[in-house]
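Just so we're aligned, residue 30 is where the sequence shown starts under this note's numbering, counting upward by one. Using N, Cα and C, we set each Cβ at its ideal position, and we do this for glycine too. None of these values were measured; they are calculated from a predicted model. Heads up, the thing below is written out as structure tokens.
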Amino acid sequence: QEKSCHLSAALLGEDSEISQDQLYELLKYAALGKCHSAAQPSWCHIYHQSHLAGVVVVVLHEMSQLHFYRFYLQFKHLRKVFRHRFTLAPSANFPVSLYGEGANLRPQNTLQGLTSTSSECTTKSSDLQCDPIIRRYGEKKQGLTSYTLTLKEQKENDYPIEGSPGCQGYISTECDQQRTDSSPLFGLDCEMCLTAKGNEVTRVSLVDARGQCLLNELVRPESTVLNYRTRFSGITKKMLLPVKTRLSDIQTRLKKMLPHDAVLVGHSLNSDLQALEMIHPSVIDTSLLFARSEGRRFKLKFLAKAVLGKEIQCEQKLGHDPTEDARAALELAQFFIEQGPIKVAELNLEMLLTAEKLAEVSQNKAVLQPQGCGFQEQLNEPPPLSKPCFLDCLQVTGQKPLLLGRQGLDSSGLCQSNWSTSNKQILQRALEDVPLSKFSIIQFSLGPEYLASSLHAGLYEKVRSKLTDMLTIYAGPFEENFCMKSVKKEFGRCGPIQSLTVVTETFQPYVCIQYEVLEAAQLAVESLNGAEVAGSCIEVQRPVTAAMLDCNVLIKELELDVENEGVIYVAGLKKSLTETDLQEEFSQLKDLETLFLPKDLQSGKHRNCCFLKFQKTQSAMDALEAINGWTMKGSELRSRNALAPGHLWRWIWQMNHSKGKQGKHIFYEKMEQLSDSEQDLRKKVKKLDNHIKKLYRSLQNNTLCVVLFPGVN
């Protein structure tokens, strides 16, 4: 009997967030298997990998979890068929973090006809005319002003510019003096952490033209830190505890330190200036200076090794050193200016990078071993410059992966590439070509007109507003001098309350309660509407708004979501109960698989509710019946079917704690534009869901299919 290949990943609650590295592990093992020394993923298990017919990765370009839940009802097929769903941890460069250095999967939004990638000339040492550096700067050596970004280039690369949307409140360095070729260069680099506001600076370094450190300062973020990103930033909670320096202090110091004709140098410097919330008119960006074809970029670590002969960002160190990175970027710019484009092109960086990766593949398959440094040490060779390109790893199998999408997705030669002008054409190609390939990457896009940051901010605000309304209930009427403590206690039995306020605009008092989880609000509506609370017979209802008219439909669809099969929500727990206590109390329930006890992501304290996942749906239904009215340690329990998977629970929490600044200025200016286009967007998403449905149905049995919403950052 033929064995069935399947995947097991029983992650619930907070564990439902995975990193790009974990996704990389999954795809690598699925594609290569044990026969090529790839290891089972650390977070899930693929059974009978050798029977896998193929791997299909569908990338929905610049769409995120925000789009999935804004158009949840439109993604009918996607949410019903795909059983495992995870939040992807943020990544500065999605294609590189997933596929490895050298992969380029970013559409250029050029809607041309079906083309081949062979028309572009490639970089060869015998013919420097085709080198992107020579094509961009010419052959003559020039002064530094020739390499500073123009205003147009700054706009194209998301640099903060005076008067641009999203830059309100940004501080100008006031370095407004005319630049010359003798203007001073300064290297700048920042480390960031993820907060409720977004990316915030935690460390800033500035070096002068001689490489001397002028500033190396820790900065305390304004908002609650959600992820210190210690692996990359080197920043820990302990390091920031005594820090009192704020962003405004750093802005003031930088303004004082920089002369009026200063030129700032950095690698992807736009990210640093955005995080600093500062505007500077004259910059050299080394990620753009050392030009590559098709908009790809070299990593700073690779450039430092290949051009300067320096090792930076060593894996032995905890996180990056911003002073080291700032100095490396500065020296790279100085090398380029002093040596000129010809000398830089003669380094043949593209060939060095390719040789590096091919050496990794050929050296006893060392590229396929997670640590794999023993063999290299025997040869006295340096460790790899970066994570190997996943597409290179696939060369070991003797097959090129298939890449289908819009013009300009890949120019590395690592893929069989076919470019199309529309999602429909991409689908037609996929239906023909995917069955012939072991590994396929299919990239769909809504189109550039639907990916503007203004529309994204408007969508964010609409989703946040609707989620807030769904978490909110109104209860009443109550007597004039009703006992608020009794009301809070009764409604608290349904789940954790975020806020409770008295409504005074009505003839008799009502209360407005906002819960932290959707299940709590729904439980309150179902169990307390018409009940007697604080001496009054009350009604319980959600807010009535245009956006809430389909609330009941949405609640029903969430309840039927494939991710919520066999999962129930239990409220009314005493906060003193530990996970061990609950495991013991619920041990008598049949087929109990997992227990998740949510924590406040800010304080780390347990909430008064939990989620139980059962192996069988019928067992979950039996548990519901048994638990309702169950008394545990003197507290009466209430339960219902789950509505929000762990990743959605975490996301709701983050949205509720980041509603201060997120895109508000854009939202109010662009709401009319959003309303006009959202109807079209719904139709587009519905078509996209239908494309995925057709593609999915065409796949062979035992095919691993992954759909990615990589987002815009």
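* Between L672 and L547, which are expected to be in contact by the criterion C-beta below 8 Å, what is the C-beta distance as a whole number of angstroms? -> Locating residue 672 in the sequence shown gives position 643, counting from the first residue. Locating residue 547 in the sequence shown gives position 518, counting from the first residue. At roughly 5 Å, the Cβ-Cβ gap stays under 8 Å, so L672 and L547 are in contact.
* Asked: Taking all protein chains shown into account, do 16 or more other C-beta atoms lie within 10 angstroms of the C-beta of E91, making it buried, or fewer, making it exposed?
  -> Taking the sequence shown and counting its residues from 1, one reaches residue 91 at position 62. Label assigned to E91: buried.
* Across which residues does DSSP place V573 in a beta bridge pair? -> To locate residue 573, count along the sequence shown from 1; it is residue 544. For V573, DSSP assigns no beta-bridge partner whatsoever.
* Among residues of its own chain, excluding the 5 on either side of Y188, which ones have a beta-carbon nearer than 6 Å to its beta-carbon? -> Here residue 188 refers to the residue found at position 159 when the sequence shown is read from its first residue. Correct list, in chain order: N299.
* To do: Report yes if the CB atom of N228 is closer than 8 Å to the CB atom of A118, and no otherwise.
  => Counting from 1 along the sequence shown, the entry for residue 228 is found at position 199. Counting from 1 along the sequence shown, the entry for residue 118 is found at position 89. Not a contact, by the Cβ cut-off of 8 Å.
* Residues bridged to A83 [DSSP beta-bridge criterion] -> The residue given as residue 83 occupies position 54 in the sequence shown. A small fix is needed here, since residue 83 is Gly in this sequence, not Ala. The partner list for G83 (beta bridge, DSSP) reads T732.
* What's the call for N256, buried or exposed, on a 16-neighbour Cβ count within 10 Å? -> Position 227 of the sequence shown, counted from the start, is the residue given in the question as residue 256. In this structure N256 is exposed. Its beta-carbon is surrounded by fewer than 16 other beta-carbon atoms within 10 angstroms.
* Return the CA-CA distance between A374 and S316, expressed in angstroms with no decimal places. => Locating residue 374 in the sequence shown gives position 345, where the first residue counts as 1. Locating residue 316 in the sequence shown gives position 287, where the first residue counts as 1. Between A374 and S316, the C-alpha separation is close to 15 Å.
* To do: Give the DSSP-derived three-state secondary structure of Y598 in the structure shown.
  => Taking the first residue of the sequence shown as 1, we reach residue 598 at position 569. Here Y598 sits in strand by DSSP.
* What separation, rounded to the nearest whole angstrom, lies between the Cα atoms of R733 and R258? -> Counting from one through the sequence shown, the residue named residue 733 turns up at place 704. Counting from one through the sequence shown, the residue named residue 258 turns up at place 229. In the sequence as displayed, the identity of residue 733 is Leu instead of Arg. So the two alpha carbons sit approximately 30 Å from each other.
* **Cα-Cα separation between L677 and M307, rounded to whole angstroms** => Looking up residue 677 in the sequence shown gives position 648. Looking up residue 307 in the sequence shown gives position 278. Distance between the alpha carbons of L677 and M307: 33 Å.
* If we call anything under 8 Å between Cβ atoms a contact, is I656 one with S648? -> The residue given as residue 656 occupies position 627 in the sequence shown. The residue given as residue 648 occupies position 619 in the sequence shown. No, Cβ-Cβ distance for I656 and S648 is not below 8 Å.
* Asked: If you drop the 5 nearest sequence neighbours on each side, which residues of the same chain put their C-beta closer than 6 Å to that of I567?
  -> Stepping through the sequence shown from its first residue, residue 567 is reached at position 538. Same-chain partners within the cutoff: A504, G505.
* Who are I502's beta bridge partners in DSSP? -> Taking the first residue of the sequence shown as position 1, residue 502 is located at position 473. Residue pairing of I502 in beta bridges, as defined by DSSP: I542.
* For the region 221 to 241 against the region 347 to 358, are there 3 or more C-beta pairs whose distance is under 8 Å? -> Yes, the region 221 to 241 is in contact with the region 347 to 358.
* Asked: Is it true that the CB of F468 sits closer than 8 Å to the CB of V84?
  -> To locate residue 84, count along the sequence shown from 1; it is residue 55. To locate residue 468, count along the sequence shown from 1; it is residue 439. Cβ distance < 8 Å, so V84 and F468 count as in contact.
* **For G740, the nearest candidate out of Y489, L361, G595 (CA to CA)** => Taking the first residue of the sequence shown as position 1, residue 740 is located at position 711. Put simply, of Y489, L361, G595 the residue whose alpha carbon is nearest the alpha carbon of G740 is Y489.
* DSSP-derived helix/strand/coil call for Q472 -> On the sequence shown, residue 472 is found 443 positions in, with the first residue counted as 1. Note: Q472 maps to strand in three-state DSSP.
* **Local Cβ density within 10 Å of Y98, reported as buried at 16 or more and exposed below that** => The residue you call residue 98 lines up with position 69 of the sequence shown. Buried is the call here.
* Is F536 buried or exposed, if buried means 16 or more other CB atoms sit within 10 Å of its CB? -> Within the sequence shown, the letter at position 507 stands for residue 536. So F536 ends up on the exposed side.
* In this structure, does DSSP put Q617 in helix, strand or coil? -> Working through the sequence shown from its first residue, we reach residue 617 at position 588. Q617 sits in coil when the DSSP states are folded into three classes, being neither helix nor strand.
* **Own chain partners of E508 with C-beta closer than 7 Å, once the 5 adjacent residues on each side are dropped** => Translated into the one-based positions of the sequence shown, residue 508 becomes position 479. Leaving aside the five residues that flank E508 on each side, the residues in its chain whose CB is nearer than 7 Å to its CB run, in chain order, G564, S565.
* Excluding the five sequence neighbours on either side, which residues of its own chain have a C-beta within less than 7 Å of the C-beta of L168, listed in chain order? -> Translated into the one-based positions of the sequence shown, residue 168 becomes position 139. With the sequence shown as reference, residue 168 is identified as Glu, and Leu is not the correct amino acid for it. Within the same chain, E168 has close Cβ partners P370, I371.
* To do: Please report how far the alpha carbon of Q454 lies from the alpha carbon of V230, in whole angstroms.
  => Mapped onto the sequence shown, residue 454 falls at position 425. Mapped onto the sequence shown, residue 230 falls at position 201. Note on geometry: alpha-carbon atoms of Q454 and V230 lie some 43 Å from one another.
* **Cutoff 7 Å; reference C512; Cβ partners in own chain excluding five residues on either side** => What you label residue 512 is simply residue 483 of the sequence shown in a count that begins at 1. Excluding residues within five positions, the ones whose Cβ falls inside 7 Å are A563.
* For the 8 Å Cβ check, are there 3 or more pairs between the region 99 to 111 and the region 582 to 595? -> Yes, the region 99 to 111 is in contact with the region 582 to 595.
* **Per-residue burial, A320 [other beta carbons within 10 Å of its own, 16 or more giving buried]** => One-based indexing of the sequence shown puts residue 320 at position 291. With 16 or more Cβ atoms within 10 Å of its Cβ, A320 is classed as buried.
* To do: Return yes when the Cβ of V736 is within less than 8 Å of the Cβ of V312, no when it is not.
  => Counting from 1 along the sequence shown, the entry for residue 312 is found at position 283. Counting from 1 along the sequence shown, the entry for residue 736 is found at position 707. No.
* Between E519 and the rest of its own chain, which residues show a CB-CB distance below 6 Å, the 5 nearest in sequence each way excluded? -> Within the sequence shown, numbered from 1, the residue matching residue 519 stands at position 490. Only V562 meet the Cβ criterion.
* Asked: Which class does V463 belong to by DSSP, given the choice of helix, strand or coil?
  -> Numbered from 1 along the sequence shown, position 434 holds the residue referred to as residue 463. V463 carries a helical assignment under DSSP once its states are collapsed to helix, strand and coil.
* Have a look at G62 and S79 and give me their C-alpha separation to the nearest angstrom. => In the sequence shown, the residue the question calls residue 62 occupies position 33. In the sequence shown, the residue the question calls residue 79 occupies position 50. Approximately 7 Å, taken between the alpha carbons.
* Asked: What runs of the beta strand (DSSP E), each 3 residues or longer, lie entirely inside the region 45 to 108?
  -> 74 to 76, 83 to 90, all fully within the region 45 to 108.
* Asked: Who are the Cβ neighbours of D579 in its own chain at under 8 Å, not counting the five residues just before and after it?
  -> Here residue 579 is taken as the residue at index 550 of the sequence shown, counted from 1. Within the same chain, D579 has close Cβ partners L102.
* To do: Per DSSP, which residues does C242 bridge with? Please list them.
  => Working through the sequence shown from its first residue, we reach residue 242 at position 213. Paired residues: V236.
* Let me know if Y76 comes out buried or exposed under the rule of 16 or more other beta-carbons within 10 Å of its beta-carbon. => Stepping through the sequence shown from its first residue, residue 76 is reached at position 47. Y76 should be labelled exposed.
* Asked: How many angstroms separate the CA atom of L157 from the CA atom of E54?
  -> Within the sequence shown, residue 157 is the residue found at index 128, counting from 1. Within the sequence shown, residue 54 is the residue found at index 25, counting from 1. Taking the straight line joining both Cα atoms gives about 38 Å.
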